[in-house]
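Below is one structure; the comments refer to it alone.
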Amino acid sequence: MTSVITVPPSLDDHTFEQVVDQLAAVPSDAKVIVDARHTRWASPYGLTALLTLGQTRLERPSFTAPDNEDTSSYWARTGFFRHAEELFDLHGSVPKARGGESTVLLEITPVTKSEDVHEVVGRIQQKAQQILAKELNIDAKATVGFAMTLSEVCQNIVEHAGRGGWVAVQTYTWRKRLGRRVVVIAVCDAGCGFRQSLESAPGRVRSDRWDDAEALEEAVVRGVSRFRDPGRGQGLAGVRRYVGRWDGKVSVRSGTARIAIVPSWDDDVPLQEKLAPFPGSQVQVTIPERVSGGPR
Amino acid sequence: MMMHIDVSSVLRQTVSCELYSNLVTRPTGAAVRTQIEALLADSRERSLTVIDFSHVGMIDFSCADEVIAKLLLRYANAERTEREAYFLFRGVNDDHWDAIETVLERHGLALVLETDDGAKVVGTVDDGERVVWEKVYELGRTAPADLASALGTGEADCEAALDALHRRRLVMRTEDGYIAVGGIGIRHD
């Protein structure tokens with residue numbers, strides 16, 4: 001039996017939960033058609049998460065591209081279809097990719113090994129300084145921290161996921177919550193997730209409450225790592241510091257939980273539990289345009 | 001014996017691509033440190049090595065932990081090694097500093113940084129250690145009695161402070177006194 005998974009008209013980290021909810025009712029070996037015909041917009045999180053969805057299926061899924069030409073064309077320019085065709089049987093009108101999309105800071109890029117992180121960091125540095133300074137009014141010095149943040153979240157895939165994932169970086173105007181320009185990093189994988197990674201630590205004692213939410217709290221808030229090396233766990237702590245300095249936001253979804261470090265401009269829930277299960281880890285970092293009097 | 005290690009050159013020898021100038025990822029950091037350790041293996045029992053970051057684009061937390069923290073933990077700690085390996089860090093700029101400062105704090109480490117204005121000790125050092133180190137740097141080769149006179153404190157206290165800085169490999173001990181790392185070759189009139 002084939003199940004149709006409907007992609008919402010606007011796909012971001014929140015509305016992707018509608019996709020996960022639909023998937024929860026479908027056995028992992030069942031055939032699915034991911035129907036994005038009516039989707040008009042997707043964040044980098046939405047696009048990379050859709051690719052990880054394709055990774056999770058035992059039976060090769062189908063994917064129906066957006067009907068809207070502008071949407072489809074934009075997705076092509078992000079590199080989405082180039083990767084999707086390896087995971088899905090594509091249907092609908094799939095345009096050929098064209099370059100020149102100025103808001104795509106880093107098109108969707110696979111991350112499986114350490115060299116990929118070098119590649120990603122090298123590519124982002126060329127454009128990030130200009131975008132951060134000119135579009136987001138952020139000090140050019142923040143570029144290095146931005147590249148470090150990107151490096152550390154990508155390394156989570158290499159070090160912990162156990163399988164490859166994707167990263168994308170885009171700028172856009174976030175009208176709904178903020179009304180300002182933002183730069184967004186999305187890093188999604190369908191690997192083992194935070195709970196399983198921490199459980200693999202030798203001699204680890206689990207608390208009674210041990211679940212995906214506690215695993216996220218340990219890793220993201222307390223900087224705990226599966227490695228005994230005291231130098232571990234600094235990456236995500238560094239990401240939190242950078243995000244805090246620039247009044248940004250970081251959210252991490254893994255398994256059945258999602259944790260967010262929420263700035264004052266957003267009303268997101270800091271910790272969500274008992275979500276529909278989805279493999280791996282999905283990270284989003286959002287840095288907003290700096291307004292006069294904002295943090296430096 | 002004094003050695004100069006250009007971290008950027010080591011990086012290019014370590015990773016497959018000639019174009020990479022960024023110290024990112026833990027495996028890269030571990031590989032770079034291993035290469036530095038191989039170079040140090042040829043040095044004598046007492047050595048001063050300049051670790052030069054001048055041509056490194058950026059360094060992330062994971063790489064800073066692998067390259068700097070683990071190098072210092074292994075060599076710049078008298079409890080762990082009989083060998084006297086001293087390090088002077090050169091070419092560290094603002095782009096590198098955030099990651100380096102973070103790992104130094106995490107492990108309670110300190111190092112000597114060469115700047116345009118001379119050398120300075122950075123990282124986890126208390127006020128007393130900093131005052132003693134700066135005075136030794138200013139005086140040049142210093143015996144505990146000289147330091148006591150300069151600081152107006154007891155000789156025994158100065159000897160203990162110098163011994164503590166020596167164990168952290170922030171000052172070098174010679175037959176006739178102590179020299180601050182980074183103080184060698186500097187004229188003291």
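In order, the protein sequences belong to chains A and B. Take 1 as the starting number for the first sequence in this note's numbering and just add one per residue. Take 1 as the starting number for the second sequence in this note's numbering and just add one per residue. C-beta: ideal position from N, C-alpha, C; glycine also. Computed from a predicted model, the values in this text were never measured in an experiment.
- Let me know if Gln170/A comes out buried or exposed under the rule of 16 or more other beta-carbons within 10 Å of its beta-carbon. Counting from one through the first sequence, the residue named residue 170/A turns up at place 170. Buried.
- Item | Classification of Pro230/A by the beta-carbon crowding that lies within 10 angstroms, buried from 16 upward | In the first sequence, residue 230/A corresponds to position 230, counting from 1. It counts as exposed.
- Message: Taking 8 angstroms as the threshold (beta carbon to beta carbon), is Ala161/A in contact with chain B?
- Response: As a first step, residue 161/A must be located in the first sequence, where it is residue number 161. With 8 angstroms as the cut-off, Ala161/A does not count as an interface residue toward chain B.
- Query: Taking Cβ-Cβ distances shorter than 8 angstroms, what residues in chain A pair up with Ala99/B?
  - Reply: Numbered from its first residue, the second sequence carries residue 99/B at position 99. Those within 8 angstroms of Ala99/B in chain A are Met148 and Gly238.
- Going by other Cβ atoms of all chains shown within 10 Å of its Cβ, with 16 needed for buried, is Thr2/A buried or exposed? For the purposes of this step, residue 2/A is taken as the residue at position 2 of the first sequence. With fewer than 16 other Cβ atoms within 10 Å, it is exposed.
- Message: What does DSSP give as the partner residue(s) for Gly128/B in the beta ladder?
- Response: Mapped onto the second sequence, residue 128/B falls at position 128. Gly128/B is not bridged by DSSP to any residue.
- Task: Label Leu132/A either buried or exposed according to how many other C-beta atoms from any shown protein chain fall within 10 Å of its C-beta, with 16 as the threshold for buried.
- Result: On the first sequence, position 132 is the one that residue 132/A refers to. Classified as buried, Leu132/A has 16 or more neighbouring CB atoms from the shown chains inside 10 Å of its CB.
- Identify whether Thr70/B lies in helix, strand or coil by the three-state DSSP scheme. Taking the first residue of the second sequence as position 1, residue 70/B is located at position 70. Contrary to the premise, residue 70/B reads as Lys rather than Thr in this sequence. Three-state result, Lys70/B: helix.
- Minimum Cβ-Cβ distance from Val117/A to chain B less than 8 angstroms: Within the first sequence, numbered from 1, the residue matching residue 117/A stands at position 117. Using a Cβ-Cβ cut-off of 8 angstroms, Val117/A counts as an interface residue toward chain B, since at least one Cβ of chain B sits closer than that to its own.
- Message: Counting only C-beta atoms, is Phe61/B closer than 8 angstroms to chain A at any point?
- Response: Taking the first residue of the second sequence as position 1, residue 61/B is located at position 61. Cβ-Cβ to chain A under 8 angstroms: yes for Phe61/B.
- Message: Report the CB separation of Arg26/B from Gln155/A in whole angstroms; it is logged as a contact under 8 angstroms.
- Response: Position 26 of the second sequence, counting from 1, holds the residue named residue 26/B. Position 155 of the first sequence, counting from 1, holds the residue named residue 155/A. 7 angstroms between Cβ atoms; contact.
- Task: May I ask which residues mark the beginning and end of the alpha helix (DSSP H) holding Glu152/A?
- Result: Mapped onto the first sequence, residue 152/A falls at position 152. For Glu152/A, the uninterrupted alpha helix (DSSP H) run begins and ends at Ala142 to Asn156, by DSSP.
- Message: What residue range does the beta strand (DSSP E) around Val252/A cover?
- Response: Your numbering for residue 252/A matches position 252 in the first sequence. Taken as a continuous stretch (DSSP letters only), the beta strand (DSSP E) holding Val252/A covers Lys249 to Gly255.
- Assigned secondary structure, Pro288/A (DSSP; H/G/I helix, E/B strand, else coil): Within the first sequence, residue 288/A is the residue found at index 288, counting from 1. Looking at Pro288/A - three-state DSSP - the assignment turns out to be strand.
- Query: So, helix, strand or coil for Leu39/B, using DSSP?
  - Reply: Residue 39/B sits at position 39 when you count from the first residue of the second sequence. DSSP places Leu39/B in helix when its eight states are reduced to three.
- For the region 4 to 11 of chain B and the region 41 to 51 of chain B, state whether three or more C-beta atom pairs, one from each stretch, are separated by less than 8 angstroms. They touch, by the three-pair rule.
- Spatial neighbours of Val24/B within its chain, please: CB distance less than 6 angstroms, with the 5 preceding and 5 following residues excluded, ordered by chain position. Position 24 of the second sequence holds residue 24/B. Within its own chain, the residues whose Cβ lies closer than 6 angstroms to the Cβ of Val24/B, once the five positions on either side in sequence are excluded, are Asp60 and Cys63, listed in chain order.
- Let me know if Ala110/B comes out buried or exposed under the rule of 16 or more other beta-carbons within 10 Å of its beta-carbon. Looking up residue 110/B in the second sequence gives position 110. With 16 or more other Cβ atoms within 10 Å, it is buried.
- Residues within the region 10 to 30 of chain B neighbouring chain A, beta-carbon criterion of under 9 angstroms: For the region 10 to 30 of chain B, which is checked against every Cβ of chain A, the residues closer than 9 angstroms are Val15, Ser16, Cys17, Leu19, Tyr20, Ser21, Asn22, Val24, Thr25, Arg26, Pro27 and Thr28.
- Query: What residues of chain C sit near Ser151/A, judged by a beta carbon separation below 9 angstroms?
  - Reply: No chain C is part of this structure, whose protein chains are labelled A and B.
- Item | Touch test, the region 143 to 162 of chain B against the region 105 to 120 of chain B, Cβ-Cβ under 8 angstroms, three pairs minimum | No: fewer than three Cβ pairs fall under 8 angstroms.
- Residue span of the beta strand (DSSP E) that contains Leu88/B, given as start and end: Sequence index remark: in the second sequence, residue 88/B carries index 88 (1-based). Glu84 to Arg90 is the extent of the beta strand (DSSP E) around Leu88/B.
- Message: Quick check: is the beta carbon of Ala69/B nearer than 8 angstroms to any beta carbon in chain A?
- Response: Indexing the second sequence from 1 puts residue 69/B at position 69. Residue contact with chain A for Ala69/B: present (Cβ-Cβ distance below 8 angstroms to some residue of chain A).
- Message: At the level of alpha carbons, what is the spacing between Thr28/B and Gln13/B?
- Response: As a first step, residue 28/B must be located in the second sequence, where it is residue number 28. As a first step, residue 13/B must be located in the second sequence, where it is residue number 13. Between Thr28/B and Gln13/B, the C-alpha separation is close to 11 angstroms.
- Query: When DSSP builds the beta bridges, which residues end up paired with Leu23/B?
  - Reply: The count along the second sequence starts at 1 and reaches residue 23/B at position 23. Paired residues: Ile59/B.
- Message: Would His193/B pass as an interface residue toward chain A - the criterion being a Cβ-Cβ separation below 8 angstroms?
- Response: The structure shown does not extend to residue 193/B, since chain B is modelled only from 1 to 189, so the question has no answer here.
- Message: Please tell me whether Val7/B has its Cβ less than 8 angstroms away from any Cβ of chain A.
- Response: Position 7 of the second sequence holds residue 7/B. No, no contact with chain A.
- Among Glu85/A, Val187/A and Ser197/A, nearest to Pro61/A - alpha-carbon criterion: Position 61 of the first sequence, counted from the start, is the residue given in the question as residue 61/A. Nearest C-alpha to Pro61/A: Glu85/A.
- Task: Pull up the distance between the alpha-carbon of Arg290/A and that of Val182/A, whole angstroms please.
- Result: If you number the first sequence from 1, residue 290/A lands on position 290. If you number the first sequence from 1, residue 182/A lands on position 182. So the two alpha carbons sit approximately 9 angstroms from each other.
- Task: List the residues of chain A whose Cβ lies closer than 7 angstroms to the Cβ of Val92/B, in chain order.
- Result: Within the second sequence, the letter at position 92 stands for residue 92/B. Result: empty, since nearest Cβ-Cβ is about 13 angstroms, beyond 7 angstroms.
- Residue-chain proximity (Gly145/A, chain B), Cβ-Cβ < 8 angstroms: The residue labelled residue 145/A in the question sits at position 145 within the first sequence. True, the Cβ-Cβ gap to chain B drops below 8 angstroms.
- Message: For Pro288/A and Val19/A, I'd like the C-alpha separation in whole angstroms.
- Response: On the first sequence, position 288 is the one that residue 288/A refers to. On the first sequence, position 19 is the one that residue 19/A refers to. One C-alpha to the other measures close to 27 angstroms.
- What's the call for Gly182/B, buried or exposed, on a 16-neighbour Cβ count within 10 Å? Along the second sequence, read from residue 1 onward, the residue named residue 182/B stands at position 182. Gly182/B sits buried, since 16 or more C-beta atoms from the chains shown fall within 10 Å of its C-beta.
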